[in-house]
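Structure, as structure tokens:
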Amino acid sequence: MQEIEHHYDEMDIVCERPAALLDTRMHYCPGCGHGVAHRILMEAVEELGLQEKTVGVAPVGCSVFAYHYMNVDMQEAAHGRATAVATGIKRTNPDKIVFTYQGDGDLAAIGTAETLHTVNRGENVLIVFINNAIYGMTGGQMAPTTLVTQKTSTTPYGREVPVMGNPLKITELLAQLPGAFFVTRQAVNTPANVRKAKKALLNGLKWQTLNKGTCFVEIVSNCPTNWGMKPVESNKWLEENMLPFYPLGDMKVPSKEELENG
Amino acid sequence: MGELRLMKGNEALAEAAIRAGMDGYFGYPITPQSEILEYLTREAYNRTQCTVLQAESEIASINMVYGAAGTGARVMTTSSSPGISLMQEGISYIAGAELPCLLVNINRGGPGLGTIQPSQGDYFQSVKGGGHGDYRLIVLAPATVQEMADFVLEGWEMAEKYRNPVLILADGALGQMMEKVELREQQPRGTRPVPDWATVGKTKDRERNVITSLFIKPEEMEQVNLRLQQKYKLIESEITRVEELQTDDADFVIVAYGLSARIGSKVMELLRDEGMKVGLIRPISLWPYPYATVSKAAEHVKGFLSLELNAGQMVEDVRLAVNGRCPVGHYGRMGGIIPSPEEVADVIKKMYSEL
Numbered sequence: 107m108q109e110i111e112h113h114y115d116e117m118d119i120v121c122e123r124p125a126a127l128l129d130t131r132m133h134y135c136p137g138c139g140h141g142v143a144h145r146i147l148m149e150a151v152e153e154l155g156l157q158e159k160t161v162g163v164a165p166v167g168c169s170v171f172a173y174h175y176m177n178v179d180m181q182e183a184a185h186g187r188a189t190a191v192a193t194g195i196k197r198t199n200p201d202k203i204v205f206t207y208q209g210d211g212d213l214a215a216i217g218t219a220e221t222l223h224t225v226n227r228g229e230n231v232l233i234v235f236i237n238n239a240i241y242g243m244t245g246g247q248m249a250p251t252t253l254v255t256q257k258t259s260t261t262p263y264g265r266e267v268p269v270m271g272n273p274l275k276i277t278e279l280l281a282q283l284p285g286a287f288f289v290t291r292q293a294v295n296t297p298a299n300v301r302k303a304k305k306a307l308l309n310g311l312k313w314q315t316l317n318k319g320t321c322f323v324e325i326v327s328n329c330p331t332n333w334g335m336k337p338v339e340s341n342k343w344l345e346e347n348m349l350p351f352y353p354l355g356d357m358k359v360p361s362k363e364e365l366e367n368g
Numbered sequence: 012m013g014e015l016r017l018m019k020g021n022e023a024l025a026e027a028a029i030r031a032g033m034d035g036y037f038g039y040p041i042t043p044q045s046e047i048l049e050y051l052t053r054e055a056y057n058r059t060q061c062t063v064l065q066a067e068s069e070i071a072s073i074n075m076v077y078g079a080a081g082t083g084a085r086v087m088t089t090s091s092s093p094g095i096s097l098m099q100e101g102i103s104y105i106a107g108a109e110l111p112c113l114l115v116n117i118n119r120g121g122p123g124l125g126t127i128q129p130s131q132g133d134y135f136q137s138v139k140g141g142g143h144g145d146y147r148l149i150v151l152a153p154a155t156v157q158e159m160a161d162f163v164l165e166g167w168e169m170a171e172k173y174r175n176p177v178l179i180l181a182d183g184a185l186g187q188m189m190e191k192v193e194l195r196e197q198q199p200r201g202t203r204p205v206p207d208w209a210t211v212g213k214t215k216d217r218e219r220n221v222i223t224s225l226f227i228k229p230e231e232m233e234q235v236n237l238r239l240q241q242k243y244k245l246i247e248s249e250i251t252r253v254e255e256l257q258t259d260d261a262d263f264v265i266v267a268y269g270l271s272a273r274i275g276s277k278v279m280e281l282l283r284d285e286g287m288k289v290g291l292i293r294p295i296s297l298w299p300y301p302y303a304t305v306s307k308a309a310e311h312v313k314g315f316l317s318l319e320l321n322a323g324q325m326v327e328d329v330r331l332a333v334n335g336r337c338p339v340g341h342y343g344r345m346g347g348i349i350p351s352p353e354e355v356a357d358v359i360k361k362m363y364s365e366l
């Protein structure tokens with residue numbers, strides 16, 4: 107017995123819930139990538155010591171209740187308007203760290219104008235874009251990022267380009283804008299990708315203080331429920347179908363000089 | 012006495028906003044109010060380091076206002092009718108999240124793209140809703156360039172006291188006309204205390220602040236609505252504003268606000284010269300509406316005329332207040348046409364002869 111007690115005393119905590127993430131049961135479906143994305147974003151906020159100066163903006167969509175979980179001051183935006191709300195916060199509070207957390211419908215359909223102009227102005231905010239190629243909250247309708255031939259409740263025979271157009275690669279589009287400082291596409295389907303996504307979020311938050319433009323982190327994620335798959339299957343489907351069309355990696359990275367002259 | 016200047020209504024409003032210690036302005040050009048955005052981009056940052064941003068749309072403007080207001084900043088957007096229509100979603104969110112801010116509608120003629128000429132066609136939109144859900148805006152209707160300036164600081168103070176958006180509803184003529192205006196002293200920025208609900212970063216000594224209008228549980232949503240209704244009742248009891256001219260001995264009363272009230276007071280003079288006992292009630296707050304004042308007049312007058320630059324909108328509130336005790340007429344011109352006092356006097360004489 108003595109030995110066991112001693113053993114416990116020697117244990118180091120290697121992983122615990124970040125204080126920036128509230129101890130609340132999430133409403134997300136089992137296997138959904140939102141929980142992981144929330145966690146790594148809040149870990150990044152905490153590790154950079156930014157919890158007290160961070161203001162987040164939640165979208166309309168599955169992550170509408172992000173403010174139930176993220177333990178920072180937050181605002182709930184109207185559908186698609188998160189980056190306009192973030193602009194209002196940041197312009198009147200330039201010393202705060204401001205981020206939005208938005209899904210594909212919010213950011214790339216109804217909010218396309220706000221997204222594009224926020225990045226074009228080079229607002230010093232972090233935009234976190236969760237792309238799971240479907241509308242989750244409303245029950246699985248076509249998203250702007252839904253793949254060609256992908257079935258959804260409003261593309262029951264698969265997305266047909268002549269009718270619904272092509273999936274929108276908004277991240278590639280935004281990377282062209284001079285106002286963008288850092289643009290990257292990550293995923294949360296494997297532990298290795300989760301670690302890379304977290305690194306991108308850390309950079310996106312850290313580089314905001316340079317006041318050199320918008321940081322944009324797309325996270326390709328899954329939607330087991332509305333894709334009609336088990337979580338493991340959905341991550342496999344993501345790998346085999348989404349990643350070929352939405353390849354992972356940095357699209358715009360600041361140069362050494364840009365980072366040093368902060 | 013403050014500084015006297017000869018100014019356009021739009022410019023007086025913009026100048027008053029700078030002097031009131033505005034922290035942020037977000038707007039989009041639209042006639043007949045673009046001078047406000049132009050004036051502020053020219054003057055505001057240089058003088059007070061106030062944020063001024065031309066947004067990509069009215070939709071973005073109102074949501075920028077939402078974000079900034081959520082941090083306790085003193086913020087404003089201005090537009091004209093079609094732009095205000097675009098903002099209605101955001102205005103409903105702002106009312107639902109109880110954020111203080113100042114909105115300005117320099118009303119032009121509609122419906123649709125309409126005309127750039129003055130109108131009061133947005134009365135219903137301003138006082139009866141506009142956006143979705145059960146909410147109210149405090150609506151102030153200036154009738155002079157002086158009031159265009161004065162209602163800015165007064166509006167913000169009301170907005171901050173009640174955590175409710177305040178709308179200044181003026182028409183294109185008030186925005187464009189030049190008059191003498193006395194300006195207040197410059198108020199310092201950044202001296203107001205940060206409200207305890209503001210999202211400016213969660214410090215260790217408090218729970219996180221959340222700005223939202225989403226309450227998914229029916230019981231909770233009903234409680235929020237009941238609390239809002241209680242607040243609206245309080246506002247009704249505390250800030251209903253109205254001006255009365257010669258109503259004491261009047262047996263006929265014109266009810267008019269804004270530019271129409273100026274025409275109405277001239278009509279009153281013309282008819283008084285002819286021996287008719289005509290008075291004028293000018294609602295200054297369109298919500299809360301001065302029902303009590305109109306109702307009191309209904310006890311001793313033979314009739315009312317609601318004079319508006321529209322097809323008959325405020326007349327419904329006059330009729331509510333009068334409650335059938337005497338006839339209530341309406342006279343209005345649309346499309347940007349402003350009636351002459353003589354024209355209105357003839358309408359009243361005809362109506363009066365039939366009473």
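Protein sequences, first through last, are from chains S and Z.
The numbering of the first sequence is our numbering, which starts it at 107 and goes up by one.
The numbering of the second sequence is our numbering, which starts it at 12 and goes up by one.
Ideal Cβ positions, reconstructed from N, Cα and C, are used throughout, including at glycine.
| Item | Value |
| --- | --- |
| Rounded separation between Gly125(Z) and Tyr50(Z) - CA only | 25 Å |
| Interface flag, His144(S) vs chain Z, CB-CB below 9 Å | no |
| Interface flag, Tyr104(Z) vs chain S, CB-CB below 9 Å | yes |
| Environment of Met107(S) [buried if 16+ CB atoms lie within 10 Å] | Caution applies to Met107(S), whose pLDDT of 46 falls short of 50 and renders its modelled position unreliable; the value that the coordinates give is listed next. Classification of Met107(S): exposed, given that the 10 Å Cβ count is below 16. |
| Where the beta strand (DSSP E) through Gln181(S) begins and ends | 179-182 |
| Backbone secondary structure at Ile222(Z) - three-state DSSP | strand |
| Assigned secondary structure, Gln44(Z) (DSSP; H/G/I helix, E/B strand, else coil) | coil |
| Candidates Met169(Z), Met87(Z), Asn74(Z), Ile127(Z), of which the one nearest Pro43(Z) by Cα | Ile127(Z) |
| Straight-line Cα distance separating Ala31(Z) from Lys302(S) | 48 Å |
| Which of helix, strand or coil DSSP assigns to Arg291(S) | strand |
| Neighbour flag for Gly264(S) against chain Z, beta carbons, 9 Å | no |
| Reduced DSSP category for Met16(Z) - H, G, I as helix; E, B as strand; rest coil | The residue you asked about is not Met; residue 16(Z) is Arg in the sequence shown. Reduced to three states, the DSSP call for Arg16(Z) is strand. |
| Beta carbon proximity, Leu178(Z) to chain S, threshold 9 Å | no |
| 7 Å CB neighbourhood of Ile265(Z) in its chain, flanking five on each side removed | Gly275, Val278, Met279, Val289, Leu291, Leu316, Leu318 |
| Span of the alpha helix (DSSP H), counted from its first residue to its last, around Ala356(Z) | 352-364 |
| Check whether Arg195(Z) and Gly20(Z) have beta carbons under 9 Å apart | no |
| Endpoints, alpha helix (DSSP H) assigned at Leu316(Z) | First-last for Leu316(Z): 314-319, but that is the beta strand (DSSP E), not the alpha helix (DSSP H). |
| C-beta atoms of Thr374(S) and Asn230(S) nearer than 9 Å | Lying before the first or after the last residue shown, residue 374(S) is absent from chain S, which here runs from 107 to 368. |
| Segment contact flag, the region 135-143 of chain Z with the region 291-302 of chain Z, C-beta cutoff 8 Å, min 3 pairs | yes |
| Beta-carbon contacts of Tyr146(Z) that lie in its chain and below 7 Å, excluding the five residues immediately before and after | Ser103, Ala106, Gly107, Leu239 |
| Under 8 Å from the C-beta of Gly101(Z): neighbouring residues of chain S | Ala184, Arg187 |
| Beta-bridge partners of Ala219(S), as assigned by DSSP | None; Ala219(S) has no bridge partner. |
| Buried or exposed by the 16-neighbour rule on C-beta atoms within 10 Å, applied to Tyr263(S) | exposed |
| Boundaries of the beta strand (DSSP E) in which Gln65(Z) is found, first to last residue | 62-65 |
| Assigned exposure category for Thr193(S) - 16 Cβ within 10 Å defines buried | buried |
| Alpha-carbon to alpha-carbon, Thr160(S) and Asp179(S) | 7 Å |
| In DSSP terms, what Tyr36(Z) is bridged to | Val63(Z), Met87(Z) |
| Distance, Gly101(Z) Cα to Arg283(Z) Cα | 46 Å |
| Chain-ordered residues of the region 200-218 of chain S with a beta carbon less than 7 Å from chain Z | Lys202 |
| Separation of Ala160(Z) from Glu26(Z), as counted between CA atoms | 8 Å |
| Rounded C-alpha distance that separates Arg165(Z) from Val177(Z) | Before going on, a small fix: residue 165(Z) reads as Glu here, not Arg. Near 10 Å, if we compare the C-alpha coordinates of Val177(Z) and Glu165(Z). |
| Simplified DSSP state of Val267(S), which is helix, strand or coil | helix |
| 8 Å Cβ cut-off: residues of chain Z touching Asp129(S) | Neighbours of Asp129(S) on chain Z: none; closest Cβ ~13 Å, over 8 Å. |
| Touching by the beta-carbon criterion (3+ pairs, under 8 Å), the region 329-340 of chain S and the region 301-316 of chain S | no |
| Partners in chain S for Asp34(Z), counting only beta-carbon separations shorter than 8 Å | Thr198 |
| The region 199-209 of chain S / the region 271-280 of chain S touching (three or more Cβ pairs under 8 Å) | no |
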